[in-house]
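Some notes on the structure that comes next.
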Amino acid sequence: METIVTTVTNELQARSSAEKREIFPRFFKTGKGEYGEGDKFLGVTVPHVRAVAKQHKDLTLQEIKPLMESEWHEVRLCALLMMVEKSRKADEKLRKQLFDCYLSMTEHINNWDLVDLSCPTLVGEYLLDQSRERLYRLAQSKLLWDNRIAIVSTIAFIRKGQLEDTYALCDIMMQHPHDLMHKACGWMLREVGKRNPQRLYDYVDRHRQGMPRTMLRYAIEKFAPEERASLMKR
């Protein structure tokens, strides 16, 4: 009998593109020593992955878990998007199960798109009325993807006008060694700046000497040209 993994993989394969299959490994840095080293791609775009995920959103968590162990990037993404779909009408018990399941599998959530398309809903939205302590543990993890989950999840808080955790986590990860985290932190700072531009200006002005340049550029992207020029000066 055909397994769920085989079914989903075949449905994604039917939507694959030879062009994308060639481009994605380079785009997601799968070369030796790169952050996505060894990952494999079917060549399926996100809209097509979403379509398959919606068709299987009623799968149980036990059925979804094996998909997260797939060698194929898009199969893992599909599993995550199934979880996002399930969360939309979930009660508190299921939301907690989705949260716990998600954080038990972060070694398989191993590229920035997998993180960014899933953690705002499955982690950030769940923690809106919960302790944020788990995010601070993720921020201290040795796993890059745990660190990215920690900061990108705060976009759910930002949307509710809650800015404190974004700033606190950026303080913790200011000197992170990886460029992906500089981009993620800068992105979240740019988002908090939309809520309170003056507070972001003051924060960046205070930290700009020690802030990675990429993080700084992302954070001040929406500022006026003269403000950006001033803040980029060492």
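So for the sequence shown, the numbering used here puts the first residue at 35; every next one is plus one.
All C-beta atoms, glycine included, are put in the ideal place defined by N, C-alpha and C.
By the beta-carbon neighbour count (other beta carbons within 10 angstroms, threshold 16), A173 is buried.
Bridge partners of K74 according to DSSP: W106.
In this structure, N230 is the residue among N230, E103, A48 with its C-alpha nearest to the C-alpha of K256. Burial state of P154 is buried, judged by a 10 Å Cβ sphere holding 16 or more other Cβ atoms. Residue burial annotation: G158 is buried, with at least 16 other C-beta atoms found within 10 angstroms of its C-beta. DSSP, reduced to helix, strand and coil, places L151 outside both helices and strands of the structure shown, so it counts as coil. Comparing C-alpha distances from V86 to each of A263, R60, L148, Q47 shows the shortest one belongs to Q47. Annotation: R193 is outside any alpha helix (DSSP H) and is labelled neither H nor E by DSSP.
Taking all protein chains in view, the Cβ of K267 is surrounded by fewer than 16 other Cβ atoms within 10 Å, so the residue is classified as exposed.
T43 is positioned such that its CB atom lies closer than 9 Å to that of L76.
Taking the Cα of V80 as reference, the smallest distance to any Cα among K194, V109, H241, Q131 is reached at V109.
Within 10 angstroms of the beta-carbon of L178 lie 16 or more other beta-carbons, which makes it buried. The beta carbon of P100 sits closer than 8 Å to the beta carbons of T37, I38, V39 from its chain, once the five residues preceding and following it are set aside; these are given in chain order. Here D180 carries a helix assignment [DSSP, helix/strand/coil].
Rounded to whole angstroms, the separation of the alpha carbons of D73 and Q232 is 42 Å.
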